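J.: The C-terminal position of the sequence shown is numbered 335 in our numbering, with every residue numbered one higher than the one before it. Ideal Cβ placement from N, Cα and C applies to all residues, glycine included. Note that the structure is predicted; figures quoted are calculated from it, not measured.
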Amino acid sequence: MKGRVFALVPFLVAAWISAASATVSIQEYDIPTPASFPHDPAVGPDGSLWYTGMRSNMLGRLDPKTGKIREYPIKTPESGLHGLAADKDGNIWFTASYKGYIGKLDPATGQVTEYPMPDPGARDPHTPAFDGKGILWFTVQSGNFVGRLDPETGKITLIRPPTAGARPYGIVVDAKGIPFFCEFGTNRIGRIDPATMTITEYRLPEGARPRRLAVAPDGLVYYTDYSRGYLGRLEPDSGKTEEWPSPGGKGSKPYGIAVGTIGEVWYSESGPEPNTIVMFDPKTKAFSRWAIPSGGKVIRHMAAAPSGDIFIACSGANKVGIVNTGLARTNGK
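Written out as structure tokens, the structure reads:
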């Protein structure tokens with residue numbers, strides 16, 4: 003299926019990173035099953051774009067080279083496929099937010115293995131992320147848990163954040179193997195000690211509601227403040243935070259976020275119509291901003307590909323997309 007390519011001019015002129023002449027374009031692809039409500043994207047080991055069809059009960063794979071999409075049905079009906087992550091062997095792991103389990107798809111066979119939550123209170127597993135040792139960390143939003151799954155044994159360990167009603171949401175693992183997660187129900191970010199499962203909380207500015215986060219190569223954690231319309235940054239060692247108003251203003255509702263291959267920060271504003279893709283330069287503190295051709299209809303998550311591209315899922319538009327950034331790392335630098 004062919005996608006449409008749009009070369010876009012920023013609506014905000016801004017200084018850019020050292021690769022200053024980069025040209026951004028957004029290519030979108032229609033999902034074969036209507037009203038799939040693609041929720042989260044992920045990058046496969048082969049550079050493919052995977053997505054969850056939350057309402058179609060399917061996983062999908064886009065081949066960026068051909069534009070073809072293949073869908074994989076999930077055996078348990080109405081699982082509510084939400085987040086996903088690929089392991090190094092090419093298996094695709096997903097959270098079933100309606101049925102309280104984590105699933106693993108073997109794309110070669112189509113076989114799905116299910117790992118049910120050990121506590122019925124952990125009813126809505128939300129976002130997964132692998133660490134460098136192959137352990138899968140995940141959040142449980144309404145159930146108010148974070149957890150880990152050992153793929154070798156299938157064992158799941160759950161813990162609750164210190165704050166009641168924290169609503170753990172986005173989660174990432176840094177280069178040291180330390181998971182960080184958003185507490186969307188309050189103004190905190192949590193950090194998990196992978197050895198002891200102890201949680202440390204970082205307090206953000208009053209009124210902040212962090213929804214998604216991403217880790218930069220220097221270990222700094224960037225987050226989208228959905229409630230106040232800010233991009234924020236946490237320095238884990240000191241607990242210091244810094245924040246910048248998003249270009250779309252107070253009602254911009256920043257949501258999905260990723261850090262690119264040379265350290266630039268990408269995120270989406272879900273408040274404006276059409277939704278936007280925003281690029282932030284950590285060196286100059288400057289923003290650039292582009293409209294999503296389909297309107298986006300809420301970009302809930304993003305994934306940064308090794309190619310330098312950013313993968314997105316446009317939930318209400320029933321599309322997935324590739325933000326061609328032109329900023330691929332060269333010679334490993």
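(1) Go through the region 215-250 residue by residue and report every complete run of the beta strand (DSSP E) that reaches 3 residues or more, in order.
(2) For the beta strand (DSSP E) containing R190, name the first residue and the last one.
(3) Would you call the CB atoms of F313 and V26 closer than 8 Å?
(4) Within this structure, are the beta carbons of G262 and A315 separated by less than 8 Å?
(5) Assuming T35 contacts E80 under a Cβ cut-off of 8 Å, what Cβ separation, rounded to an integer in Å, is found between them?
(6) Measure from the alpha carbon of I259 to the alpha carbon of each residue in G92, C184 and K285, then state which is nearest.
(7) When you compare only the Cα positions, how much space is there between R57 and P127?
(8) Can you check whether the CB of E30 is closer than 8 Å to the CB of P274?
(9) Taking Cβ positions, are Y117 and L151 nearer each other than 8 Å?
(10) Return the bridge partner residues of Y31 from the DSSP annotation.
(11) Would you mind sorting S23 into buried or exposed? The rule is 16 or more other CB atoms within 10 Å of its CB.
(12) Going by the CB atoms, is the gap between P130 and I94 shorter than 8 Å?
(13) Determine the contact status of N146 and P163, defining contact as a CB-CB distance below 8 Å.
(14) Look at the alpha carbon of I264 and the alpha carbon of D311, and state the distance between them as a whole number of angstroms.
(15) Excluding five sequence neighbours on each side, which residues of the same chain lie with their C-beta closer than 7 Å to the C-beta of G297?
(16) Less than 8 Å between the beta carbons of G192 and I180, yes or no?
(17) Do G221 and D176 have their CB atoms nearer than 8 Å?
(18) DSSP three-state call for A307: helix, strand or coil?
(19) Applying the criterion that 16 or more other CB atoms from any shown protein chain within 10 Å of the CB defines a buried residue, is D195 buried or exposed?
(20) Decide if T323 is buried, meaning its Cβ has at least 16 other Cβ atoms within 10 Å, or exposed.
T.: Considering the structure as presented:
(1) 223-227, 232-237 and 242-247
(2) Taken as a continuous stretch (DSSP letters only), the beta strand (DSSP E) holding R190 covers R190 to I194.
(3) no
(4) no
(5) With a Cβ gap of about 14 Å, T35 and E80 do not count as contacting.
(6) C184
(7) 16 Å
(8) With contacts defined by Cβ atoms closer than 8 Å, P274 and E30 do not form a contacting pair.
(9) yes
(10) Note: Y31 sits in a beta bridge opposite V322.
(11) Per-residue confidence for S23 stands at a pLDDT of 41, beneath the threshold of 50, marking its modelled position as unreliable; no derived number is given.
(12) no
(13) yes
(14) Rounded to whole angstroms, I264 to D311 spans 11 Å at the Cα level.
(15) Only E275, P276, N277 and A319 meet the Cβ criterion.
(16) no
(17) The criterion of a C-beta distance shorter than 8 Å is satisfied by G221 and D176.
(18) coil
(19) exposed
(20) According to the sequence provided, residue 323 is Gly. The question's Thr does not apply to it. Counting Cβ neighbours within 10 Å, G323 comes out buried, since at least 16 surround it.
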